[in-house]
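Position 289 of the sequence shown, counting from 1, maps to 289 under the UniProt record's numbering, and the rest follow consecutively.
First comes the structure, then the notes that go with it.
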Amino acid sequence: MTTVDASDPTHYPSARALLLAEPELVGGARRTALAALTDRWLASLLAAAGAPERVALVAVGGYGRGELSPRSDLDLLLLHDGAPVATLAERLWYPVWDSGVALDHSVRKLSEARAVAAADLKAQLGLLDARHVAGDPEVTAWLRSAARADWRAGAAKRLPELRELGAERAERHGELAFLLEPDLKEARGGLRDVVALDAIAASWLADAPREGLADARQRLSDVRDALHLSTGRATERLALQDQDQVAAALGVLDADTLLRQVYQAARTVAYAGDVTWRAVDRVLAARQTRGRRPFAFPFTGAGRSSGAVGRGVVARRPLAEGVVEQDGEAVLAQGARPAADPVLVLRAAAAAAQAGLVVSHATVRRLAAECRPLPVPWPDEARELLVTLLGAGEACVPVWEALEAQGLITRLLPDWERVRWRPQRNAVHVWTVDRHLVETAVRAAAMTRRVARPDLLLVAALLHDLGKGWPGDHSEAGEVIVRDVAARMGFDQDDTESLALLVRHHLTLVETATRRDPDDPATVDLIAKTVGTARHLELLHALTEADATATGPAAWSTWRASLVAGLVERVAAVLGGGAAPGGVAPGVFTGGGGRGGGEGGGHGRVTWTPA
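Shown next, in the form of structure tokens:
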């Protein structure tokens, strides 16, 4: 690599440009090299400015972590013990401004730095990454030691503030793993959340699960660097018009592949955050109740319990065979043997979702490490537990994410891999394909009382877009895929055909109702012949609504609902042997195969017993 003397302020911009243009220097190595080059330059500036003793130049924030992105600010603190430094500061800052590098600077005494950190959470977070650049290293060492001691001492107060800060960012910037134009830094699952995890670890109260976290951090940082270099701007938003160029710069196949990698990294970070914050909550709650004698329910063979227990005994509540609740999470019972119980993954997941809990991180890891694959076809219990999990509605989502984080979903459903993290380049969609499928099942769980076969509705909701990512029409591809998946799950031939029909025609009702005349007898007859039975019609109607409402607010409206409901009513009349009623009536379908009482929320355990 060509070298230029960066100690000369007039040479630093050239040296920096050469470093960034070096083709063999990429990723973390480039960020580290850029930070080192900048360190040498700033050290020379401080020496030339005539810094007295007990003065130090300290890098904080991102620069303090020793990795500098191409367009990142230089976050610098000129630290002193009370010596006059105004002239020194001017001699230091002006060459930096003249170089064109963005600068975020402050000049403070040691006591002032601590006081500012005590009053400003963001300033305190920056000091956690304080790193010596030049001057008196003892001054920097004192600051680092004091900043970390202050952080640990105030963790019980500061961590809830940090959590609230993250929630506010997520509200403003959304969830990185599902955005077509994500903010790589500020969105939930982005680089700010990685910094928050480091801060939690520095408090000594909890630490994040480390599997995949370093790779996720590096991937997001690499994409951010490529975005800076491609656009020439200090932007954090991966805009649509920049994605092809960024993908090419990173040697990634295309923009969709780039987004899938970004989404995967974001979900890793977000899941690590969820696990870590739950651990923080437990520690803080334990501190508040320290000294109180716990009341617990020791497990007995009959599944009942009584009496208080002494210190050191962990309270556990049985949830299902091999699964108990502990500290607000579902965990494996002491006698559980995952290696001998392949259904245990789904049993733990269903029990957790039904109880409104998550499966603990340690439990999911153990299940992933020890459970054998389900036999094919699945046992009846496994299929029923999947339906129960999906039937829990919103409570299913965090449980599903925990299984997903350890690769257990693709182990259960190998075809899931093609839709995993897959973006949908349509403004109507607010989710990736895989999350849309889960959200559709959540919506369907609120409609199970409308249909005679809630199990088929929920499974169809989960599988209806599995054809995306395959060539051709995704509904046609999905029909082929779902026949195989349903057979592996142990559905009989009739139910497999029903699921295939639902997947093949999950768009048929809304497309027909909005593109053709629903009053036309030919239209009604076409749909009647397509669905064949009243049972299929009611299932398809519920699936249509669940799919549309899970797509996004622009995909479903009162008008669309009215058109679809009117068409369904007319088709139901024909299938029932009568004439189609005139007009298009608003409302939900009320006829056909044994529908239960009205629409409601997730109605608990969903089971189906054949007559």
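C-beta: ideal position from N, C-alpha, C; glycine also.
Residue i - DSSP class collapsed to helix/strand/coil
| i | result |
| --- | --- |
| H361 | helix |
| V430 | coil |
| L79 | strand |
| L319 | strand |
| L20 | helix |
| D517 | coil |
| R422 | coil |
| A134 | strand |
| S106 | strand |
| R71 | coil |
| D120 | coil |
| L98 | With the sequence shown as reference, residue 98 is identified as Asp, and Leu is not the correct amino acid for it. Reduced to three states, the DSSP call for D98 is helix. |
| D225 | helix |
| R237 | strand |
| Y63 | helix |
| F297 | The pLDDT assigned to F297 is 40, lower than 50, so where the model puts this residue is not dependable; a value taken from the coordinates is nonetheless given after this. In the structure shown, F297 sits in coil (DSSP, three-state: anything other than H, G, I, E or B). |
| R210 | coil |
| D341 | coil |
| D129 | coil |
| R372 | coil |
| V252 | coil |
| L179 | coil |
Opening and closing residue of the beta strand (DSSP E) in which residue i lies
| i | result |
| --- | --- |
| Q326 | 323-326 |
| E329 | 329-332 |
| A59 | 55-59 |
8 Å Cβ cutoff met for residue i and residue j
| i | j | result |
| --- | --- | --- |
| L537 | V564 | no |
| L80 | R54 | It should be pointed out that residue 80 corresponds to His in this sequence rather than to Leu. Yes, these two residues count as a Cβ contact at 8 Å. |
| residue 617 | A445 | Outside the displayed span of the chain (1 to 611) sits residue 617, for which this structure offers no information. |
| L179 | A187 | yes |
| V364 | L403 | yes |
| L344 | C371 | yes |
| H228 | P70 | yes |
| A216 | A208 | no |
| residue 631 | L103 | No information on residue 631 is available, as it lies outside the stretch 1 to 611 that the chain covers here. |
| R237 | W421 | no |
| L176 | P182 | yes |
| L346 | A405 | no |
| T544 | H429 | no |
| G469 | R418 | yes |
| A226 | V194 | no |
| G323 | A351 | Reading the sequence as shown, one finds Val at residue 323 and not Gly. Result yes, Cβ atoms of V323 and A351 sit closer than 8 Å. |
| L205 | A155 | yes |
| A441 | L466 | no |
| A117 | D73 | no |
| A35 | G61 | no |
| V262 | L220 | yes |
| G212 | R131 | no |
Residues near residue i in its chain [Cβ-Cβ closer than 6 Å; skip 5 each side]
| i | result |
| --- | --- |
| R16 | none |
| R91 | A49 |
| E321 | none |
| V96 | L103 |
| G490 | P377, W378, R383 |
Cβ-based neighbour list, residue i, same chain, cut-off 8 Å, excluding 5 preceding and 5 following
| i | result |
| --- | --- |
| L121 | R158, E161, L162, L165 |
| V438 | C396, V397, W400, L462 |
| V571 | V524, I527, A528, V531, L537, A580 |
| A487 | P377, T496 |
Own chain, CB closer than 7 Å to residue i, minus 5 neighbours either side, in chain order
| i | result |
| --- | --- |
| A83 | P52, R54, V55 |
| A500 | E479, V482, R483 |
| L57 | L42, L46, L76, L78, V133, A134, G135 |
| L367 | P338, L344, V345, A348, L408 |
| D434 | W416, V419, R420, W421, R422 |
| T231 | D242 |
| A33 | L19, L25 |
| G189 | E175, L176, A177, A266, R267, V269, A270 |
Continuous alpha helix (DSSP H) stretch holding residue i: start and end
| i | result |
| --- | --- |
| A167 | 155-173 |
| A285 | 255-288 |
| H536 | 534-551 |
| E384 | 380-391 |
| R31 | 27-48 |
| S203 | 191-203 |
| C396 | 396-405 |
| G335 | Where G335 is concerned, there is no enclosing alpha helix (DSSP H), given that its DSSP letter is neither H nor E. |
| E186 | First-last for E186: undefined, no H or E at that position. |
| W559 | 558-575 |
- Query: Which parts of the region 450-508 are runs of the alpha helix (DSSP H), unbroken and 4 residues or longer, counting only runs that do not cross its ends?
  - Reply: 454-463, 474-489, 493-504
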